[in-house]
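Protein chains in written order, with our numbering: chain E, 139 to 391; chain H, 65 to 294.
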């Protein structure tokens with residue numbers, strides 16, 4: 139978390155993408171990811187094209203590519219999993235550097251790494267260029283039920299409060315010499331989690347009473363702005379290009 | 065760990081998305097009746113709690129650790145519908161804000177962790193609780209056993225999704241063995257921490273444990289929470 143408001147990966151500056159309507163960006167990102175997932179894995183050039191599209195969007199957004207690369211590391215556990223595939227796969231094998239590797243396994247490792255990386259990259263671009271309140275408004279404009287967006291908004295608002303509380307409890311416990319390293323020390327973790335829940339819940343009750351006393355009736359007011367066709371065109375362009383790549387890849391299969 | 069993009073094919077992911085939308089819609093309808101407009105802040109803070117609880121590492125075996133999934137924990141504390149809703153919101157926030165779990169696989173992740181992990185886990189909890197005497201210890205034990213089984217249930221459903229549209233070369237049997245094996249181990253820690261957390265909450269605010277609502281509990285005075293360990 140990089141600041142006091144639990145904004146995840148968001149980078150606060152005013153790039154071209156920051157100004158676009160959030161709901162268009164959400165649809166555009168989903169469309170792009172869906173097109174990538176639907177692309178047949180044998181057509182490697184299609185994934186290269188998709189990678190170029192994400193990189194171009196990131197550059198247009200004014201995101202440093204180094205930062206984008208660092209944020210891709212969240213995917214590392216799955217890459218480790220993908221790298222196991224050639225060793226556990228079935229079917230015909232190829233010999234590479236003296237080791238027998240499954241051909242199907244190599245293909246699936248490639249496909250998991252390529253599609254997974256493109257998916258994370260597209261999401262990182264969205265998360266880096268869209269502030270959380272905009273994202274919530276975006277969901278509302280896509281007709282997601284108000285109750286759901288309000289729950290999400292609350293969760294994000296109190297995320298840092300609750301995780302901060304957890305950190306303080308952990309520091310307090312460990313500074314008294316108790317590090318939960320073995321299963322029989324789990325009791326301390328359980329007691330801590332229990333206390334954290336009670337504190338979170340009571341905070342929820344207080345927040346609710348405070349809101350009710352200010353006239354809360356079950357929904358939060360939302361800011362609505364006019365729809366801009368220009369935004370839709372810009373946000374759907376990467377998805378359209380990726381879909382074209384996917385269709386071409388199926389054609390020339 | 066959440067499913068990333070491209071691990072399960074598009075058709076299966078879209079199907080999972082449909083099931084997930086149905087699950088979340090059902091949970092919303094149920095919680096509206098139960099909690100009224102109170103649901104928003106309370107479910108929101110439960111989501112924040114689940115997110116924080118997932119940062120708790122516990123030891124699985126010497127040297128390795130897993131983290132709490134929290135589905136059964138949330139369901140027993142705030143009820144199955146609100147609990148599943150809280151877990152779903154956590155998954156959406158993790159996918160969108162932290163790029164943890166693929167956007168196209170979001171539906172599958174909701175199915176595995178909210179529908180199977182929280183709702184399915186709560187069903188197991190309720191079944192075990194019905195077999196035991198109506199005491200606090202039974203609630204703690206039922207929660208512990210259900211939480212121990214929930215990761216494996218989710219692993220079995222994941223294996224089914226992999227069999228339907230898995231983008232891997234490993235045979236379904238290999239994936240099943242590896243996933244179920246690992247999740248049986250994770251279940252030991254999940255069960256222990258869940259039982260201890262429920263037991264800690266029951267000691268201070270038993271009225272907050274939805275899964276113990278059938279046992280007559282007194283609503284303690286505010287001072288009772290002063291004894292909560294820091």
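Every residue, glycine too, gets a C-beta built ideally from N, C-alpha and C.
Looking at the structure shown, is residue 342 of chain E part of a helix, part of a strand, or coil, going by DSSP? helix
Report the neighbours of residue 349 of chain E on chain H: residues whose CB is nearer than 8 Å to its CB, in chain order. 105
Can you give the Cα-Cα distance for residue 223 of chain E and residue 307 of chain E, rounded to whole angstroms? 41 Å
Among H:188, H:200 and H:91, which has the Cα closest to the Cα of residue 278 of chain H? H:200
For residue 67 of chain H, the three-state DSSP class (helix, strand or coil): coil
Contact check, residue 273 of chain E vs residue 160 of chain H under 8 Å by CB: the rounded distance? 7 Å
Assuming residue 181 of chain E contacts residue 391 of chain E under a Cβ cut-off of 8 Å, what Cβ separation, rounded to an integer in Å, is found between them? 7 Å
Assign residue 168 of chain H to one of three DSSP states: helix, strand, or coil. coil
Based on the DSSP secondary-structure assignment, which residues constitute the bridge partners of residue 161 of chain H? The partner list for residue 161 of chain H (beta bridge, DSSP) is empty, contrary to what the question assumes.
Against chain E, does residue 177 of chain H count as a neighbour if the rule is that its beta carbon must be under 7 Å from one of theirs? no
Nearest CA to the CA of residue 139 of chain H: which residue from H:93, H:214, H:194 and H:78? H:214
Coil, strand or helix - residue 240 of chain E by DSSP: strand
Within the same chain, show all residues whose beta-carbon is closer than 6 Å to that of residue 198 of chain E, passing over the 5 residues directly before and after it, in chain order. 154
Contact set between the segment 283-303 of chain E and chain H, restricted to residues whose Cβ is under 8 Å from the partner: 283, 285, 286, 288, 289, 290, 291, 292, 293, 294, 295, 296, 297, 299, 300, 301 and 303
Since residue 217 of chain H and residue 180 of chain H are thought to touch, with beta carbons under 8 Å apart, how far apart are those beta carbons, to the nearest angstrom? 5 Å
Would you check if there are 3 or more beta carbon pairs closer than 8 Å linking the segment 173-180 of chain E to the segment 241-251 of chain E? yes
If contact means a Cβ-Cβ distance below 7 Å, which residues of the segment 215-227 of chain H contact chain E? none
Indicate whether residue 268 of chain E and residue 163 of chain E have their beta-carbon atoms separated by less than 7 Å. yes
Comparing the C-beta of residue 146 of chain H with each C-beta of chain E, is any distance below 7 Å? no
Among H:187, H:246, H:232 and H:110, nearest to residue 147 of chain H - alpha-carbon criterion: H:110
Interface flag, residue 386 of chain E vs chain H, CB-CB below 7 Å: no
Given residue 156 of chain E, which residues of its chain have a CB within under 6 Å of its CB, disregarding the five upstream and five downstream residues? 267
Verify whether the separation of the beta carbon atoms of residue 223 of chain H and residue 211 of chain H is less than 7 Å. no
Output the distance between the C-alpha atoms of residue 169 of chain H and residue 83 of chain H, rounded to the nearest integer angstrom. 12 Å
Taking Cβ-Cβ distances shorter than 8 Å, what residues in chain E pair up with residue 69 of chain H? 171, 174, 175, 253, 254, 256, 257 and 258
From the beta carbon of residue 168 of chain E, is the nearest beta carbon of chain H less than 7 Å away? yes
Measuring only the C-alpha atoms, how far is residue 69 of chain H from residue 387 of chain E? 18 Å
Buried or exposed for residue 347 of chain E, going by 16 or more other Cβ atoms inside 10 Å? exposed
For residue 315 of chain E, which residues does DSSP report across the bridge? Paired residue(s): none; residue 315 of chain E is not in a bridge.
Interface partners of residue 231 of chain H on chain E, CB under 7 Å: 246, 249 and 250
DSSP state of residue 72 of chain H mapped onto helix, strand, coil: strand
Kindly list the residues whose CB is nearer than 6 Å to the CB of residue 256 of chain E, restricted to its own chain and excluding five residues on each side of it in sequence; keep chain order. 174 and 188
Exposure of residue 249 of chain E, with buried meaning 16 or more beta-carbon neighbours within 10 Å: buried
Within chain H, partners of residue 345 of chain E - CB distance below 8 Å: 105 and 109
Cut-off 7 Å between Cβ atoms - residues of its own chain near residue 231 of chain H, not counting five sequence neighbours on either side: 70, 71, 72 and 73
Please compile the residues from chain E whose C-beta is within a distance smaller than 7 Å of the C-beta of residue 119 of chain H. 301 and 304
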